[in-house]
Structures are given as structure tokens and as C-alpha cells.
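Remarks on the structure that follows.
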Amino acid sequence: MPCVADWLNNPFSIVQGIFAQNVPNSDWEKKVTEYFKEKLKENNATNWVPSLNDVPVHYLKPNSLVKFRCMVQDMFDPEFYMGVYETVDPNTNARVLHFGKYRDVAECGPQQEIDLNSSQTVTSERQTFYCVPVPGESAWVKEISFLTELVLFVLNPQFYAYISASQARVSPSTSYTPSRHKRSYEEDEDMDLHPSKQKEQHMGSGGDIHGCVEPKRLETEASAGHHLISPNCSPPLDLNFPLPGEKGPACLVKVYESWDSFKVNDVLEVYGILSVDPVLSIVNNEDRDNSALDPMECMDTAEEQRVHSPPASLVPRIHVILAQKLQHINPLLPACLNEEESKTCEYLNLTSLFVSNFMSELSPVRAELLGFLTHALLGDSLAAEYLILHLISTVYARRDVLPLGKFTVNLSGCPRNSIFTEHIYRIIQQLVPASYRLQMTIENMNHSRFIPHKDYAANRLVSGVLQLASNTSLVVDETQLEQGQLDTTGVHNVTALGNLITWQKVDYDFNYHQMEFPCNINVLITSEGRSLLPSDCQVHLQPQIIPPNMEEYMNSLLTAVLPSVLNKFRIYLSLLRLLDYSISDEVTKAVEEDFVEMRKNDPESITADDLHRTLLVARFLSLSAGQTTLSRERWLRAKQLEALRKARLQQQKCVNGNEL
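First residue of the sequence shown: 1, per UniProt numbering; consecutive thereafter.
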């Protein structure tokens, strides 16, 4: 069992040791990265690094090693810092070299001064990313990750010994060397139950509240929503989460190497040193005051300073030692599935051997999932087949502007009953790692912010609902739509939704121009009739059962399925999206001949779009069975499904007398 080590609790001591041994050789930075990379390989040590996704920041030791699973919401301008600097003692003239990497504030002894003119000073550059938790991340993803942290705590409680240390609250010192302390769990719970004690303790410490929220509340409320009150009672701080009601920390992630490989909307897992130094708030406040007195000293506006340098207690900093893009965020799968990266990536529940075994047992899992979704769709097995194909679809390539692999499904015929569509979404939430239900009401269309836009006053990208990570499932509930008038914002929002579906891109608004951001979002549209939005495939729901109590029926579905079975479904859907797929020349020729023959028999009903859709259905049918190449059998099955789907639409059209 791993024990508490300096590289986890006090990574600066490791960095200092490597720095001292290798100065003035510049290789010390590479050696630091290699050291931590090797440590994280040992005994699956990545599981032992506390995560900001699972543990509140005020329960983590400052300057310790942490990890964070996040999406890049914005990237700020690169910043310069002193990578190496020299201090001098005015009394003895003794000089000491220090490293500035992984720090927000330069370290300096009580009798030392920084020599800004030293020839030993090395100015370096780093990139700051504003990162938020993955938008729409499902509760089960968080729960499984949290269980890992819980096991860590139970097996190795001294790792979080910092939590139980009953210590005084921080007060920044004039020497800028503060230490950060927190109450124990017991004290924290007592203060939550007795707010008056909290107020008395704070007032008794000689502090003056001045109407501000007490600092501890500020930190615990960092997960409560978008807007937070900063300690200096400035206007509310918007954490800029793309989706309403999101929880979790936002972080300033400072990257030192290869930041060009990361871009906005990428999902990352970063390992780095946690910085929550209260000095940052003091320095930033002083900067604002000074800039107010002398505007020439600082070109940044007050709003930009507030957004780019928020209080560290609300938006902690992570100084990245290692970072990787994530192919997915399903904790039941290895973080990396390709062979080249599998030696260094994190494993949670599965080994590569288990993955191969799972692939050999797909048939019963698929059958169980089909049965589960058939019950959810009121006994409609055809709609359940198409829902499986939709859930494993993904954009695998782009040909010019056309995204290949997208498979937006319009599930029409849904009862005008929010209970049904709401529960369908709840079921999808239980199956996919990230999702969001967009209720398409006139109110939402006219007043919601769908498209991210650039705020030049604050020099940041203001998020919108459509700023989502790749492979997010977006369920658009059109059954909520009623008669009404769309204003300009509503028209723009509907247009943006249509562009996302058709082209898998969102045009971010930079005021003077628009910038295309490609995306990979699975869109499912639920509607009564044919959707107003474009789709790749319309499936009309034909319920075989009408439960007397819809809510009770849907709830019983989720409670009846075993957690172990749900986990199999989750692995199944995530794994199949990552598989490669190909069509042999022989099968390609057979498909072409088949298409020519179908055109001869019925030239009016078979178009190039029909061929493209049938090929997509055949692709996902093959993958759903664990086959990475198209067989004649799967092609015939795809044609059969398409014929059934079209016949159902035609039947419904004849019944209603108009087009769905």
C-alpha cells in the first residue's frame, strides 16, 4: 500500500532538491517532469492523488500535488514569470538562487531581497487556461470517482491528516509567507449546524465582517452556482460555467510545456501543485488600488484584473507538472485505450485484459441494453435499436466541411407529457458520462445564452449552453414548444442549434467576426410531430404499452436494473465509440451494386442521402456487435431496419394526412 510521500504532500521539496542538484543546468525542469511521471506509474499511484473534482479545495493541503478533470473554457494571454531568480542578503551579501516555476509568488527569506538585475535571472513564459468541470458530467461519473477517493481515505487516513488538524484561520502576514489552516470535519459540521457560533468566532477574532460573507462560507459555496461574492465585497464573481446549475470548482490551470497542444473545449486531466495563497488576493487588490491612482502603471482594466486574478480561495490555481487530453471521462474504462499511451495512463476499474474480455462478450450486453431501452420506450424495439446506434455514434472524420459519423435522431411521436421525455433523459443520464437536456420553450430560446461570446472589457470568453465537451449527449425536448414569437436572440439560438446538428460546429461571437469551433455532440430530439430542427434520422415512436402511471413505470425501470448491469451498459457505450471501423473493397463493391439495383427497382424512393444513412446505420450496427468491418449480414440488417423505419413514417403520414 502506498504511503504518504514527500512527492504528494510536499512536491516543492522534490523540485527544490532537483533544482539544487542541477543548477545552472537547464535540464532540471525536464528532470522534474520525468520524476513525477515515473512516480505516477508506480503501483497505479494516480489513484492516490486527491482530485479537486471529489474533494473540496478547503480540505486539501496547499502546495500539495492534486489532479483535476476539466474542460478548457477559456485561455488567457501567456504570462511571463521569473523561472530562476536570485536573492541577496543586504547584511552579509550572501546570494541564493531560487526557482520560480510552479509558484504564484516569489519566495524570499526574511532578510533577503530579490535582485532584479542579477545576471542569473531567467525569464520564462507560461500559459493560463481557465478550466471548469466537464459540463453536464453525470452523477455516476462523480460517484465512482468519489468512491476511489473514499477508499484512499479509509486505507490511508494520514494522507488527509491535514483535514483533521484543528487550526486557526489564516491571517495574511506582512512578510507574505502565510500558512493556510482549516477546521476539522467535526468543527465544520458544528459551524454548519450553528451559524451563530460561526459568526461569534469570526467576530471574536477581531475581524470586521462589513456585510461580507464569511471566508469559510465563500469556499464551501464555490460549488453552489455561477455567482460568488468575493471576500472584498466586489460585485459577484461569475465562474462562467457553460450550463446553468453546474457545481464544482473553476481553476486557473498554468501550463509550462506543450500548451500549444491544448485548445478551448478540450477535456484534460492535469496533475499539478495546488496554489491557494491568500497573498494573491492581497496583491491583486493592491494592484487594483494602484491602477486606480495611476492608470499608466497598468493597461488592464479593473474588470479584466478581477476576472483574470480572482481570489484563490474561490478559483484556486494549479501549476501543471503533467497533463493529458482525455479520450473519454468514463471512470469504468482506462483513461487511454491505444497501446502507445496505455503504459502511462490511469487505470480505475479495468485492465486492458478486461477490455478484451468485455469485447468478446458484447452480445448478451447488447441484448440486455436493447431490452432495457425497449421498456423505456414503451415497448418499441425499433426505436430502441436506433437509440443504441445514436448513443454509440461519433464524428470520426471531416471531409471538407461535412462531419462524418454524426447521427442525430429525431424521436417523434412522443406524448406531450414532460414526464416521458424527462424520464427518457434521466435514463440517458445513467448511461452516458456527460449530457444535458435542453427544453425548447419560447422562454428558453429568447432568454438563454447559447453561443459563447467574447467580452473585450474583461478580456474573456463568456460561456454559452452550446460550449460543451466532445461526446456530450444533448437531448433537445421539443415537446415543450408552444406557440409564441421568437425574438432576435431566439432566432440566433435556433440557428445555432441547427448549425450544430448539421455541421457539428458552433460559431462563437467575437463581436467583429465569428469563429468556428468544431464539436462532436450527440443530439437527440424528442418531439410530437416532425422536429423543426434538422436531423439525420426520424424514428416515429409506436408505444406497445401505455402505463397507467408513467412516472411510476419509468422509476421502476431504473430501480429494477442492477448497478453491475448499468456499469456494463456504460462500458459498452463508451468503448464502442472509440473503436476503429473500415469497409473492405469487396463489401464496398457489393454495396454499390446493391444500391444500383435498388435504384432500378424504385428510382424515386432511393436517393444518395438514403445510401449515406443506410451506410451509417450499417456502421453502427457493426460496431454495436463488436465488429470493426462491415459484413454482408450487417448490411442486409441495416437495409431491413431502414425499410421498417420508413414504412412506419409512411403509415403515420397516411393516418394523419400530412407529413410528420
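The beta-carbon is built from N, C-alpha and C at its ideal position, and this holds for glycine as well.
So who's on the other strand from residue i, going by DSSP bridges?
| i | result |
| --- | --- |
| Leu52 | In DSSP, Leu52 forms no bridge with anything. |
| Leu322 | Tyr271 |
| Ile114 | Thr87 |
| Leu582 | One detail in the question is off: residue 582 reads as Ser in this sequence, not Leu. Beta-bridge pairing links Ser582 to Thr629. |
| Glu137 | Ala434 |
| Pro8 | Correcting the residue identity first, residue 8 is Leu in this sequence and not Pro. None, per the DSSP bridge assignment. |
| Arg398 | Pro403 |
Under the three-state reduction of DSSP, which class applies to residue i: helix, strand or coil?
| i | result |
| --- | --- |
| Met131 | A small fix is needed here, since residue 131 is Cys in this sequence, not Met. Correct three-state label for Cys131: strand. |
| Tyr572 | helix |
| Met445 | helix |
| Met550 | helix |
| Ile388 | helix |
| Ile428 | helix |
| Met71 | strand |
| Ser166 | In this prediction, Ser166 scores a pLDDT of 31, lower than 50, which makes its location untrustworthy; the coordinate-derived value is nonetheless stated afterwards. The answer is coil: DSSP assigns Ser166 none of H, G, I, E or B. |
| Ser463 | coil |
| Cys108 | coil |
| Ile329 | coil |
| Ser393 | coil |
| Leu60 | coil |
| Glu604 | coil |
| Gln538 | strand |
| Phe99 | strand |
| Val15 | helix |
| Leu65 | strand |
| Glu221 | Legend: pLDDT at Glu221 = 36, less than 50; position of this residue unreliable, value from coordinates given subsequently. If DSSP states are grouped into helix, strand and coil, Glu221 belongs with the helices. |
| Glu125 | strand |
| Leu314 | coil |
| Arg530 | coil |
| Leu486 | coil |
| Phe420 | helix |
Starting from residue i, trace the beta strand (DSSP E) both ways and give me its first and last residue.
| i | result |
| --- | --- |
| Lys454 | His453 to Asp455 |
| Asn410 | Val409 to Ser412 |
| Glu269 | Val267 to Ser275 |
| His513 | Careful: His513 lies outside any beta strand (DSSP E) and carries neither H nor E. |
| Thr87 | Glu79 to Val88 |
| Ala608 | That residue, Ala608, is in no beta strand (DSSP E); its alpha helix (DSSP H) goes Ala608 to Ser624. |
| Val506 | Lys505 to Asp509 |
| Gln439 | Ser435 to Gln439 |
| Ser473 | Ser473 to Asp477 |
| Phe76 | Here Phe76 belongs to no beta strand (DSSP E), and DSSP marks it neither H nor E. |
| Pro403 | Leu402 to Leu404 |
| Phe241 | Taken as a continuous stretch (DSSP letters only), Phe241 belongs to no beta strand (DSSP E), as it is neither H nor E. |
Got a sec, what are the start and stop residues for the alpha helix (DSSP H) residue i sits in?
| i | result |
| --- | --- |
| Thr526 | Thr526 -> not in any alpha helix (DSSP H); beta strand (DSSP E) instead, spanning Asn522 to Thr526. |
| Pro249 | No alpha helix (DSSP H) contains Pro249, which DSSP labels as neither H nor E. |
| Arg599 | Asp585 to Asn601 |
| Val365 | Leu362 to Ala376 |
| His308 | Ala302 to His308 |
| Val32 | Trp28 to Lys41 |
Using a threshold of 9 Å, state whether the C-beta atoms of residue i and residue j are closer than that.
| i | j | result |
| --- | --- | --- |
| Thr408 | Asn446 | no |
| Ser470 | Val267 | yes |
| residue 675 | Asn444 | Only positions 1 to 660 of the chain appear in this structure, which leaves residue 675 out of reach. |
| Glu137 | Pro563 | no |
| Ala250 | Tyr130 | yes |
| His423 | Met554 | yes |
| Leu431 | Leu557 | no |
| Gln542 | Gly371 | no |
| Leu621 | Ala638 | yes |
| Glu482 | Thr441 | yes |
Report all residues from its chain with a CB closer than 6 Å to the CB of residue i; omit the five preceding and five following residues, and keep chain order.
| i | result |
| --- | --- |
| Phe450 | Gly464, Val465, Leu466, Asn493 and Ala496 |
| Gln111 | Asp89 |
| Ala323 | Leu268 and Val270 |
| Arg306 | none |
| Glu219 | Here the model assigns Glu219 a pLDDT of 37, short of 50, so the residue's position is not dependable, and the following value carries that caveat. Same-chain partners within the cutoff: His58 and Ser313. |
| Leu362 | Gly626 |
| Asp536 | Phe407 and Thr408 |
Enumerate in chain order the residues of its own chain whose CB-to-CB distance from residue i is below 7 Å, with the five nearest sequence positions on each side excluded.
| i | result |
| --- | --- |
| Ser145 | Ser51, Asn53, Asp54 and Pro331 |
| Leu333 | Leu350, Ile571, Ser574 and Leu575 |
| Arg437 | Tyr425, Val475 and Asp477 |
| Ile14 | Asp6, Trp7 and Tyr35 |
| Lys31 | Ile18 and Asn22 |
| Ser624 | Arg366, Ile388, Leu389, Ile392 and Leu576 |
Residues in the same chain with beta-carbon distance under 8 Å from residue i, minus the five sequence neighbours each way, listed in chain order, please.
| i | result |
| --- | --- |
| Asn63 | Asn10, Pro11, Phe12, Ile273, Leu274 and Ser275 |
| Glu642 | Asp610, Arg613, Thr614 and Val617 |
Would you check whether the ligand FMN has a heavy atom nearer than 8 Å to the C-beta of residue i?
| i | result |
| --- | --- |
| Phe510 | Annotation note on the ligand FMN: not contained in the displayed structure, which lists no ligands. |
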